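Read left to right, the sequence shown gives residues 18 to 505 (the working numbering).
Note that the Cβ used here is the ideal one computed from N, Cα and C, for glycine as well.
This structure is a prediction, so every number in the text was calculated from the model and none was measured.
Notes for the one structure printed next.
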Amino acid sequence: MNKEIRLLEPKSIWNKFADLNAVPRPSKHEERVIEFMMEFGKSLGLEAIKDAVGNVIIRKPASVGMEDRTTVILQSHLDMVHQKNADTDFDFQTQGIEMYVDGDWVRAKGTTLGADNGLGVATIMALLESKDISHPPLEALFTIDEETGMTGAKGLKGGLLKGGFLLNLDTEDDDEIDIGCAGGVDITAKGNYTEVPLGDGFQAYKIVVKGLNGGHSGMDIDKGLGNANKIMNSFLMLGQEQLGLKVSKIDGGGLRNAIPRESTAFVAIKAKDSDGLDRLFKDWVNNLRQEFATTEPNLKIVCEPAHLPKMVMESNDQLALTEAIKGALNGVYAMSKSMKDLVETSNNIARVEVRGGKINIACLTRSSVEAGKMELARGLKGNFEKSGYKVTLSGDYPGWNPNPDSAILDLLRTKYRVLFNEAPRVVACHAGLECGILGKNYPEVDMISFGPTIKGAHSPDERASISSVQKFWKFILAILSEIPNKKI
Numbered sequence: 018m019n020k021e022i023r024l025l026e027p028k029s030i031w032n033k034f035a036d037l038n039a040v041p042r043p044s045k046h047e048e049r050v051i052e053f054m055m056e057f058g059k060s061l062g063l064e065a066i067k068d069a070v071g072n073v074i075i076r077k078p079a080s081v082g083m084e085d086r087t088t089v090i091l092q093s094h095l096d097m098v099h100q101k102n103a104d105t106d107f108d109f110q111t112q113g114i115e116m117y118v119d120g121d122w123v124r125a126k127g128t129t130l131g132a133d134n135g136l137g138v139a140t141i142m143a144l145l146e147s148k149d150i151s152h153p154p155l156e157a158l159f160t161i162d163e164e165t166g167m168t169g170a171k172g173l174k175g176g177l178l179k180g181g182f183l184l185n186l187d188t189e190d191d192d193e194i195d196i197g198c199a200g201g202v203d204i205t206a207k208g209n210y211t212e213v214p215l216g217d218g219f220q221a222y223k224i225v226v227k228g229l230n231g232g233h234s235g236m237d238i239d240k241g242l243g244n245a246n247k248i249m250n251s252f253l254m255l256g257q258e259q260l261g262l263k264v265s266k267i268d269g270g271g272l273r274n275a276i277p278r279e280s281t282a283f284v285a286i287k288a289k290d291s292d293g294l295d296r297l298f299k300d301w302v303n304n305l306r307q308e309f310a311t312t313e314p315n316l317k318i319v320c321e322p323a324h325l326p327k328m329v330m331e332s333n334d335q336l337a338l339t340e341a342i343k344g345a346l347n348g349v350y351a352m353s354k355s356m357k358d359l360v361e362t363s364n365n366i367a368r369v370e371v372r373g374g375k376i377n378i379a380c381l382t383r384s385s386v387e388a389g390k391m392e393l394a395r396g397l398k399g400n401f402e403k404s405g406y407k408v409t410l411s412g413d414y415p416g417w418n419p420n421p422d423s424a425i426l427d428l429l430r431t432k433y434r435v436l437f438n439e440a441p442r443v444v445a446c447h448a449g450l451e452c453g454i455l456g457k458n459y460p461e462v463d464m465i466s467f468g469p470t471i472k473g474a475h476s477p478d479e480r481a482s483i484s485s486v487q488k489f490w491k492f493i494l495a496i497l498s499e500i501p502n503k504k505i
C-alpha cells in the first residue's frame, strides 16, 4: 500500500517518510524510532549522539564552498499522536502506518498519519542523506515526546548545539512563517464516587457520541467543533434532571492535545420511563444537529439497549460530576490583543473517564500569555475542587515570544517572495511549538518555524498535501543555499 507513496515527488522526502512510518512511534514509546534514527545517522558516516533524555542529534559538515556559513539547526520531533477511529483495528505499538494517495493528499487508513511531525523528520533525513544539495554545516535535532509533554525539548541541555539559526519544521500551512506560539499546562482532576446497587425495574442503555471531526486542540479550538465530552455531559444532565437517569460508566476522549471525537456512556432508567427517554433523546439529537449543522455534518449519536449494570453512581456524586464538566470552560477563553485572529488562551476538556468508583478528567490549557494561562488554569482548578476532586497542574511549558526583527525571518520572507511571487503570512500560532522551550537554554539562537500544509492533525482525518510538500522542499533548499557566514 505504501509503494505508491514512494513514487511521489520529491522522492527523497516521501521515501524517508515511508521508512519512518514503518516504525511505531507513539508519544512516550519512542525507543524504536530513537534506535532507527541513530542507525540512520551512523549509516551515513555522520556523528550521531543520543542525549540523556533520548533526543537524537546528527551533525553533517557543510557542502563544498559553504564551510564558513553559520551552522543551521534543523529540528523536528520523532513522536506522533496515536488516534484511530473506533471501528479501526490497529495497534500503534506494533504496526506501521498504512498510507494511501487521495488526489493531492496523502492519508492513513483510519488512523493519524504522522505527518505531524514526520514530514519534518523525513525532510531533515533527506537533507542529511543528500550528496548534491548546497548547505551550511547542519545539526539535526530530533526531539522526543513533543505531543504529550515536550520532555525532549525540556531535557535538552545547553551547550550541546552549536548552531546560530534554528529551523523548526513543525508548522502546518505552507504560506505561513511562524515566529511565536502558545505555552500550555495539563490540568488533571481526580475523584472518587460511591457506587450503589441499581435495584429492580430498570432498563440499561448504551449512548455513543461519534462522527465528530476532532482535531488539534490548539490550532482547531476556535473552529466551533464539537467536543464529545461536553456533548455527552449535556444529555446526562438532562436525563438525570428529567428522568432520574443513572450513570454506570463514561469513557470519552483520549489525548489532551486532541479535541475529543467520541464518547460512550452506560446509563439506566426506570423501565416505565423508556418512552420518555426516547422523546428526550430525539429532541436532544435534533437540537444538536441544528447547532452543529455546519461544523459537524457527520455527527452521529446512538442510544441502544445494553446489559443491566450491577452498580451505578450515587445521585449526588453524579450531579457533582456533571456540574463540574458543565462549569469547566471548553474552547476559546481570550483572543490576542496584539495579533489579529490569534487565539490567546483556551482549554480542551480532553478526557472523561468514570468507572469503578474512580473519576478522571484531563484538560490542556494553552495561552501565549503566561498570566492568562494561569488565570484560566486556576479557574478550572477551583471549578473541579467544588465537586471535591483533587486537582493537579503538570507539564507546564512556556510560550515563544515573537521577534519581528529576527534575522532568519528576514531571510525567509525575502526568499518566499522571490520564489512564489507573494508575501508569506508571518504569524504566531495557538499550538505548542518547541522553540520557546529550546530558547531557554539557547537564548542566542535565532529561531523560526515553517512547514508543508497538513490538515486534520491529531485526528484520523490527518492528511498532507503532496503539492505543498513540493513547494516546501523548494523553499528549504533555497533557504539553506543562502545562509550567511555570520548573523545578518
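Residue pairing by DSSP places residue 220 opposite 286 in a beta bridge. The beta carbon of residue 455 is closer than 6 Å to those of 170 in its chain, skipping five residues each way along the sequence. Excluding residues up to 5 positions away in sequence, 194, 440, 441 and 443 lie with their Cβ nearer than 8 Å to the Cβ of residue 430 in the same chain. Setting aside the 5 residues that flank it on each side, residue 480 is surrounded in the same chain by 119, 122, 123, 124, 130, 132, 471, 472 and 473, each with a C-beta closer than 8 Å to its C-beta; the list follows chain order. Listed as beta-bridge partners of residue 298 by DSSP are no residues whatsoever.
DSSP, read as helix, strand or coil, puts residue 117 in strand. Close CB contacts of residue 114 within its chain, under the 7 Å cut and outside five residues either way in sequence, are with 38, 125, 128, 130 and 131 (chain order). Excluding residues up to 5 positions away in sequence, 183 and 452 lie with their Cβ nearer than 6 Å to the Cβ of residue 464 in the same chain.
Contact between residue 189 and residue 236 holds, since their C-beta atoms are separated by about 7 Å, short of 8 Å. Annotation: residue 45 to residue 256 spans about 38 Å, alpha carbon to alpha carbon. Proximity of the segment 147 to 163 to the segment 484 to 500 meets the contact definition, three or more beta-carbon pairs being nearer than 8 Å. When the five nearest sequence neighbours on each side are left out, the beta carbons in the same chain lying within less than 7 Å of the beta carbon of residue 93 are those of 134, 137, 138, 141, 159, 186 and 187, in order along the chain. By the C-beta density criterion, residue 156 is buried, having at least 16 other C-beta atoms within 10 angstroms.
For residue 490, no beta strand (DSSP E) run applies; the uninterrupted alpha helix (DSSP H) run containing it begins and ends at 483 to 498, by DSSP. For the segment 70 to 116, not one full-length alpha helix (DSSP H) segment reaches 4 residues or more. Around the beta carbon of residue 288, a 10 Å sphere encloses fewer than 16 other beta carbons of the protein chains shown; the residue is thus reported as exposed.
Here the alpha carbon of residue 318 sits roughly 50 Å from the alpha carbon of residue 460. Nearest to residue 382 by C-alpha distance, out of 78, 202, 265 and 224, is 202. Counting of Cβ neighbours within 10 angstroms places residue 387 among the exposed residues, the total staying below 16. Cβ contact annotation for residue 250 (same chain, cutoff 8 Å, sequence separation greater than five): 339, 342, 343 and 369, in chain order. Listed in chain order, the non-local C-beta contacts of residue 356 below 6 Å within the same chain comprise 445, local neighbours out to five positions each way being set aside. Judged by DSSP in its simplified three-state form, residue 187 adopts coil rather than helix or strand.
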